[in-house]
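Student: Numbering (this note's numbering), first residue to last: 3 to 225.
One structure coming up, written as structure tokens, with questions to follow.
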């Protein structure tokens, strides 16, 4: 019989997602960023001291504060809805009705199971139903959802759902190809493997449209 603790450990080691929404508590934003930094600073200090590190050393004494600021302001900044990018749309006056693809968008995220980096590329496409969005906004949406503890499947879904909402169309697709350092640097320590996830909405569920998108991004994977 598998105990709850063993089951939880197995889920994390196998990098299995259980929720397509980021699991946030209702009081997630009751504290200010500065308050969070002060608390995390103490926690990081405790971890380092427990590991036996000498925090009086010039190289280490600023580490707890640096890590705390990095967590709140940078790599987990996408948790805060205030930082969600505004994505203005425009009327598709030039009547471009073909597929628009923004490929090779850099992805820097953090695996929520081991808090190690996920690094890769996102490829995003949509077919307009009357509105278009600025190209840089697609990159910003990817970056916003990447800057939180993540699993790659959830990140892929969140990007598609956000663009569907912004563009008022189901015709959105996203493919992410990324390396997980929790696989590459620990555990099996396979530095060559990468993970590919995809989410296809609307007309992208049609095999010929999906294949056109995959041809654009030069991805041989069959979905």
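Glycine is no exception: its CB is placed at the ideal position from the N, C-alpha and C atoms.
These numbers come from a predicted model, not from an experiment.
Which residues in the same chain as residue 146 place their Cβ atom closer than 7 Å to its Cβ, once the five residues preceding and following it in sequence are excluded?
Tutor: Taking the first residue of the chain shown as 1, we reach residue 146 at position 144. Same-chain partners within the cutoff: 80, 85, 86, 87.
Student: Quick check on residue 111: buried or exposed, where buried means 16 or more other Cβ atoms within 10 Å of its Cβ?
Tutor: Position 109 of the chain shown, counting from 1, holds the residue named residue 111. Looking at its Cβ environment, which holds 16 or more other Cβ atoms inside 10 Å, residue 111 is buried.
Student: Less than 8 Å between the C-beta atoms of residue 203 and residue 172, yes or no?
Tutor: Translated into the one-based positions of the chain shown, residue 203 becomes position 201. Translated into the one-based positions of the chain shown, residue 172 becomes position 170. Yes, Cβ-Cβ distance for residue 203 and residue 172 is below 8 Å.
Student: Measure the alpha-carbon distance for residue 174 versus residue 35 and round it to whole angstroms.
Tutor: Against the chain shown, residue 174 aligns to sequence position 172. Against the chain shown, residue 35 aligns to sequence position 33. Whole-angstrom Cα-Cα distance: 34 Å.
Student: For residue 39 and residue 46, what's the separation of their Cα atoms in angstroms?
Tutor: One-based indexing of the chain shown puts residue 39 at position 37. One-based indexing of the chain shown puts residue 46 at position 44. C-alpha separation (whole angstroms): 10 Å.
Student: DSSP has residue 101 in a bridge; who is on the other side?
Tutor: Here residue 101 refers to the residue found at position 99 when the chain shown is read from its first residue. 129.
Student: Thinking C-beta only, is residue 201 closer than 8 Å to residue 153?
Tutor: Translated into the one-based positions of the chain shown, residue 153 becomes position 151. Translated into the one-based positions of the chain shown, residue 201 becomes position 199. No; because the gap between Cβ atoms is not below 8 Å, this pair is not in contact.
Student: Note down the Cα distance separating residue 72 from residue 27, rounded to an integer number of angstroms.
Tutor: Taking the chain shown and counting its residues from 1, one reaches residue 72 at position 70. Taking the chain shown and counting its residues from 1, one reaches residue 27 at position 25. C-alpha separation (whole angstroms): 21 Å.
Student: Give a yes or no on whether the minimum CB-CB distance between residue 96 and chain D is below 8 Å.
Tutor: Among the chains in the structure shown there is no chain D, since it carries only a single protein chain.
Student: Can you name the residues that DSSP bridges to residue 175?
Tutor: For the purposes of this step, residue 175 is identified with residue 173 of the chain shown, where counting begins at 1. For residue 175, which the question treats as bridged, DSSP gives the partners 127, 202.
Student: Considering only the beta carbon of each residue, do residue 1 and residue 170 sit closer than 8 Å?
Tutor: For residue 1 there is no data in the structure shown, the boundaries of the chain being 3 and 225.
Student: Is residue 44 helix, strand or coil by DSSP?
Tutor: Translated into the one-based positions of the chain shown, residue 44 becomes position 42. Helix at residue 44.
Student: Can you tell me which of the three DSSP states residue 92 falls into?
Tutor: Within the chain shown, numbered from 1, the residue matching residue 92 stands at position 90. Strand at residue 92.
Student: So, does the region 96-104 touch the region 124-138, judging by three or more C-beta pairs under 8 Å?
Tutor: With a cut-off of 8 Å, the region 124-138 and the region 96-104 count as touching, because enough Cβ pairs lie within range.
Student: Taking residue 157 as part of the alpha helix (DSSP H), name the residues at either end of that continuous run.
Tutor: On the chain shown, residue 157 is found 155 positions in, with the first residue counted as 1. Unbroken alpha helix (DSSP H) run through residue 157: 154-169.
Student: In terms of residues, what are the limits of the alpha helix (DSSP H) holding residue 216?
Tutor: To locate residue 216, count along the chain shown from 1; it is residue 214. Segment 209-218, the alpha helix (DSSP H) holding residue 216.
Student: According to DSSP, is residue 24 part of a helix, a strand, or is it coil?
Tutor: Residue numbering aside, residue 24 sits at position 22 when the chain shown is read from its first letter. Coil, per DSSP.
Student: For residue 196 and residue 181, I'd like the C-alpha separation in whole angstroms.
Tutor: Position 194 of the chain shown, counting from 1, holds the residue named residue 196. Position 179 of the chain shown, counting from 1, holds the residue named residue 181. For residue 196 and residue 181, the distance between alpha carbons rounds to 5 Å.
Student: Which class does residue 79 belong to by DSSP, given the choice of helix, strand or coil?
Tutor: Position 77 of the chain shown holds residue 79. The answer is helix: DSSP assigns residue 79 an H, G or I state.
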